[in-house]
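In the UniProt record's numbering, the protein residues as written are 1 to 327.
Positions of the beta carbon are idealized from the N, C-alpha and C atoms, including for glycine.
What you are looking at is a predicted structure, and each value in this text was computed from that prediction instead of being measured.
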């Protein structure tokens, strides 16, 4: 089974080539095969430097176990994979991504209503799986009651993002050049992402191949290097706060954390929270707080894994399937 690539034109920030800008997603399952009635969509959204094919294993497991019509849509966020790059690097951020995906949700509901003849687009149950950045986008959308997300899986992310992890990520995003061979690229990515935990050579190959695009003289990563600019600006601001004698210099950063907690506490959908036990981005303390606040997430931690679980190992895939496929 192979997924089908789709695109949707979206407004907002322009693409590097001008208008119209498009976002891409890979679809597992068939909209045409859905009956005239309620159906389920699982929307999967990747982390900062990743892309939609990260969810291949999870998507196939969900389809194999589903007891009702199911489609799994895995999105390439703007600037990644098959989605257009943005002309303005400053637009690479959660507000742009959330606006794009809110339009995709509306598109899915409208198509479902038209196909079923239903006047109730809410008959389409939409669940969300978000890794890291994808989880932040999911939080932003799930906090809006009108968007009707049914269940939410947050993979190694929460309202408090550890500064040390941001500094680590900022050291490599957008800095890699071309690789002479696919094998060189796979080896480099496996080393870079060793926090993912143990994987077989075959798993590293499957996780790494979609990360690459051919260029003259070798292979480059799929994403626009400019996605690094907002992150580096954020890290620089944090470092400035750390060295500032005036405590009020950190007000903006603390306000950002408060806003994320406010969004999280506005979520009414059930939440499954996944955490790598060695994660440097989502602390154990923050994860525990998330089980006590807002939607009171159910927490699962995976030993020997950092940031972030790849949702490839059976012990990671199984609880996500159980959570999303429950009645």
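Within 10 angstroms of the beta-carbon of residue 68 lie fewer than 16 other beta-carbons, which makes it exposed. In terms of Cβ geometry, residue 321 and residue 61 form a close pair [threshold 8 angstroms]. The alpha-carbon separation between residue 147 and residue 166 amounts to approximately 30 angstroms.
By the C-beta density criterion, residue 12 is exposed, having fewer than 16 other C-beta atoms within 10 angstroms. For the 8 angstroms CB-CB criterion, residue 140 and residue 94 form a contact.
When the alpha-carbon of residue 326 is set against those of 138, 150, 275, 154, the nearest one is in 150. Exposed is the label assigned to residue 200, since fewer than 16 other Cβ atoms lie within 10 Å of its Cβ.
Taking 8 angstroms as the cut-off, the Cβ atoms of residue 293 and residue 273 do not count as close.
For residue 232 and residue 50, the gap between their C-alpha atoms comes out near 18 angstroms. Spatial neighbours of residue 290 in its own chain (CB-CB distance under 6 angstroms, excluding positions within 5 residues in sequence) are listed in chain order as 158, 273, 297. Straight-line spacing of the CA atoms in residue 239 and residue 174 works out to 20 angstroms. Across the structure, residue 284 and residue 163 are spaced so that their CA atoms are roughly 15 angstroms apart. Within the region 144-187, the complete alpha helix (DSSP H) runs of at least 4 residues fall at 163-170.
One Cα belongs to residue 53, the other to residue 212, and the distance between them is close to 12 angstroms. Judged by DSSP secondary structure, residue 115 falls within the alpha helix (DSSP H) whose first and last residues are 94-116. With fewer than 16 other Cβ atoms inside 10 Å of its own Cβ, residue 1 counts as exposed. Counting other Cβ atoms within 10 Å of its Cβ, residue 264 reaches 16 or more and is therefore classed as buried. Distances from the CA of residue 156 to each of 314, 315, 309, 319 were compared; the closest alpha carbon is that of 309. By the criterion of a C-beta distance shorter than 6 angstroms, residue 190 is surrounded in its chain by 204, once the five residues flanking it on both sides are discounted. Of all alpha-carbon atoms in 10, 301, 90, 6, the one lying nearest the alpha-carbon of residue 28 is that of 6. Taken atom to atom, the span from the alpha-carbon of residue 153 to that of residue 129 is near 5 angstroms. Less than 8 angstroms divides the Cβ of residue 101 from the Cβ of residue 75. Judged by DSSP secondary structure, residue 323 falls within the alpha helix (DSSP H) whose first and last residues are 314-325.
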